[in-house]
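Quick note: the sequence shown, position 84, residue 83 per numbering that gives the first Met the number 0, numbers continuous.
Below is one structure, written out as structure tokens, with a few remarks after it.
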Amino acid sequence: MMPLVGFIAFVVYLLASASAQTVPDCTKNNRWAPGYLPELPMIRENFFHTIDKIKKGMRYSCYLEKLAHNLVKEPLECIGSPYKITFADGPTNLIKLGKIVNGWKDQLTNMGRVREFGCNLLQFGDKHRVACVYK
């Protein structure tokens, strides 16, 4: 009977670890590298968990976070295909990531097979721009 209990415990552990995906620390080796969300892991985690509620099974990509930087900076740069993007602009005092991402719900559900994403955010003057890149 003991091996069955051990097996069940192992399965529960695997299920819990699969559903609790960790968000990578994109600044770990690139602390001040341009293009990464600077020292704000809670923003990266907020993007991940909010998007995961809408489109399950996505992985967060530091590479795509850096590409998203090209969409938020001034002047805006094109990143080309095969990427899909979502973005939003607004006043700096109203950066509500949950509300912004929920506004992208239709776009996210209609994207088809995308498995990873990265997001970035820039504040400039009294405005902000938020963008996510998907692949």
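Here a beta-carbon is modelled for each residue, glycine too, at the ideal position from N, C-alpha and C.
Values in this document were obtained by computation on a predicted structure and should not be read as measured data.
Are the beta-carbon atoms belonging to Cys61 and Cys118 less than 7 Å from one another? no
For a test of the three-state rule: what should DSSP assign to Thr85, helix, strand or coil? Thr85 falls in the strand class under three-state DSSP.
Please name the residue in Ile42, Glu44, Ile84, Phe46 whose C-alpha comes closest to that of Asn109. Across the set Ile42, Glu44, Ile84, Phe46, the C-alpha of Ile84 shows the shortest separation from the C-alpha of Asn109.
Just verifying my parser: in three-state terms, what is the DSSP assignment at Asn119? strand
Can you tell me where the alpha helix (DSSP H) with Lys54 in it begins and where it stops? The continuous stretches of alpha helix (DSSP H) do not include Lys54, and DSSP gives it neither H nor E.
Please report the distance separating the alpha-carbon of Phe86 from that of Asn101. 12 Å
State the Cα-Cα distance for the pair Gly79 and Val132, rounded to the nearest angstrom. 11 Å
Leaving out five residues on either side along the sequence, give the residues of the same chain with a beta carbon under 6 Å from the beta carbon of Ile99. Ala87, Val129
Can you list, in chain order, the residues of its chain whose CB lies under 6 Å from that of Tyr82, leaving out five sequence neighbours each side? Val132, Lys134
Looking only at its own chain, which residues have a Cβ that is under 8 Å from the Cβ of Asp125, when we skip the five neighbours before and after it? Pro90, Thr91, Asn92
Judging by CA-CA distance, which residue of Cys77, Lys104, Met57 is the nearest neighbour of Leu66? Cys77
Give me, in chain order, the residues of the same chain whose beta-carbon lies closer than 8 Å to that of Leu70; leave out the 5 immediate sequence neighbours on both sides. Glu76, Ile78, Ile84, Phe86, Asn119, Arg128, Ala130, Val132
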